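Worksheet for the structure shown next.
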């Protein structure tokens with residue numbers, strides 16, 4: 001069945017590659033769909049060091065095996081889509097993203113009405129969301145990346161990410 005993409009991600013209808021040996025075709029399609037949506041949604045965005053933003057979810061996704069952990073890979077590709085773009089959870093569902101992946105992405109999405117502690121507590125209670133968030137933190141705190149930030153930003157983010165790791169390991 002061809003993938004149909006609607007809403008803010010309509011410009012992209014990714015071609016689904018053949019499954020890798022041992023990988024379910026539907027799993028390969030979910031990973032390809034998530035990657036395509038992430039590329040479309042983050043198109044033109046830059047991160048704090050001026051690099052293409054899409055590189056970040058790509059590095060997070062690379063930490064997981066698409067054959068044995070396709071849900072993790074799909075969630076990693078999409079982990080910032082709801083927070084940093086106009087894409088909604090409903091758009092993801094309508095595009096064909098599995099409800100399990102959308103649920104994880106929603107858990108990983110910060111909202112202004114939820115405190116940091118409550119945000120990290122809800123992630124810590126979900127093993128898959130927790131793994132994606134820890135991979136996100138690992139990428140955000142990579143020394144090669146941190147060195148390129150202004151010193152005051154380095155200090156602020158170091159405290160933010162220290163607190164995040166503590167909160168995620170406390171639960």
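Residue numbers (UniProt numbering): 1 to 171. Idealized CB from N, CA, C, for every residue including glycine. Quick caveat, the model's predicted, so the values are computed rather than measured.
Checklist line | Sheet register partners of residue 52 (DSSP bridge) | finding: 46
Next item on the list: Please list, in chain order, all residues of the same chain as residue 153 whose beta carbon is under 8 angstroms from its beta carbon, the five residues on each side excluded.
Entry: 48
Next item on the list: Out of 59, 81 and 125, point me to the one whose CA is closest to residue 45's CA.
Entry: Considering only alpha carbons, the answer is 81.
Next item on the list: Please state whether DSSP places residue 169 in a helix, a strand or coil.
Entry: helix
Next item on the list: Keeping to the same chain, check which residues put their C-beta closer than 8 angstroms to that of residue 166; ignore five residues upstream and five downstream.
Entry: none
Notebook entry, point to check: Is residue 67 near residue 104, with beta carbons less than 7 angstroms apart?
Noted result: no
Notebook entry, point to check: Can you round the beta-carbon distance between residue 78 and residue 92 to whole angstroms, since I take them to be within the 8 angstroms contact cut?
Noted result: 7 angstroms
Next item on the list: Report the three-state DSSP secondary structure of residue 98 (helix, strand or coil).
Entry: coil
Next item on the list: Give me the Cβ distance between residue 34 and residue 101, rounded to the nearest whole Å; I'm assuming they're in contact under 8 angstroms.
Entry: 7 angstroms
Margin query: Excluding the 5 residues flanking residue 123 on each side, which residues of the same chain have their C-beta closer than 8 angstroms to its C-beta?
Written below: Correct list, in chain order: 107, 108, 129, 130, 133 and 168.
Item checked: Continuous alpha helix (DSSP H) assignments of at least 4 residues falling wholly in the stretch 83-154 -> 89-95, 99-108, 116-124, 127-140 and 143-146
Item checked: DSSP state of residue 26 mapped onto helix, strand, coil -> helix
Note to self: Tell me the DSSP secondary structure of residue 159 in three-state form.
What the structure shows: If DSSP states are grouped into helix, strand and coil, residue 159 belongs with the helices.
Notebook entry, point to check: Is DSSP giving residue 63 helix, strand or coil here?
Noted result: Residue state, collapsed to three classes: coil.
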